[in-house]
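As numbered in this note's numbering, residues 1 to 173 make up the sequence shown, in order. The C-beta atom is built at its ideal place from N, Cα and C for all residues, glycine as well. Here the structure is a predicted model, which is why all the values come from computation and not from measurement.
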Amino acid sequence: MPRQLLIMRHAKSAWDTGVPDFDRPLADRGLRDAPRVGAWLQKSKLIPDHVVSSPAERARQTVIAVCNELDFKKKKIIWDPRVYGAGSEDLLEVLSEVPKKAKVVLLVGHNPGLEFLTNHLTGTAESTYDDMSDVGLIKTATVVHLKMPDDWSNLSAGCASLVVVKNPGDLNS
């Protein structure tokens with residue numbers, strides 16, 4: 001089986017005043033969407049053997065909800081602070097440290113970094129957006145499924161192929 005990367009943006013977060021960005025929790029919609037995406041991954045037999053996530057609260061809540069649906073143990077999640085606020089170079093560095101034996105990797109984080117990473121891996125030109133938080137391919141709780149090369153440590157531009165982009169709105173309730 002070829003290596004696969006599941007890039008997932010955190011689910012919809014709350015915008016409570018006075019809460020630092022890092023500590024923002026999921027909104028009600030995010031709390032509904034995250035487990036639905038996990039159930040879709042389970043049904044699609046896209047079960048990660050390695051999970052890396054931003055430690056920001058909204059990403060934590062997202063990945064835990066997804067992993068609960070996949071029976072992936074919470075203690076096996078890698079909480080990597082580099083994923084929070086990361087650009088594509090930082091995320092490539094995180095991916096270069098994925099164990100060689102990992103076949104399916106789930107990376108949970110934030111835009112615009114995930115968008116830039118996807119563009120780099122698929123060889124798509126990076127776009128410039130006025131508001132990087134909610135435009136482009138990767139909306140909240142969206143999963144981008146990529147077919148990857150055999151070596152996690154050598155991820156050059158255009159090395160991956162897009163399999164599917166799945167938004168929570170595409171899933172049955």
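- Of the other Cβ atoms in all chains shown, 16 or more fall within 10 Å of the Cβ of Thr142; this residue is therefore buried.
- Scanning the segment 6-91 for uninterrupted alpha helix (DSSP H) segments of 4 residues or longer gives 28-43 and 57-70, listed from N- to C-terminal end.
- A buried status is given to Val108, since no fewer than 16 other beta-carbon atoms sit within 10 Å of its beta-carbon.
- For Gly113, the number of other beta carbons within 10 angstroms of its own is at least 16, and it is reported as buried.
- Runs of the alpha helix (DSSP H) lying entirely within the segment 100-172, each at least 4 residues long, are 113-122 in chain order.
- The beta carbon of Ala102 sits closer than 6 Å to those of Asp49 and His50, all from its chain and outside the five residues before and after it, given in chain order.
- Taking the CA atoms as reference points, Asp150 sits about 30 Å from Ala56.
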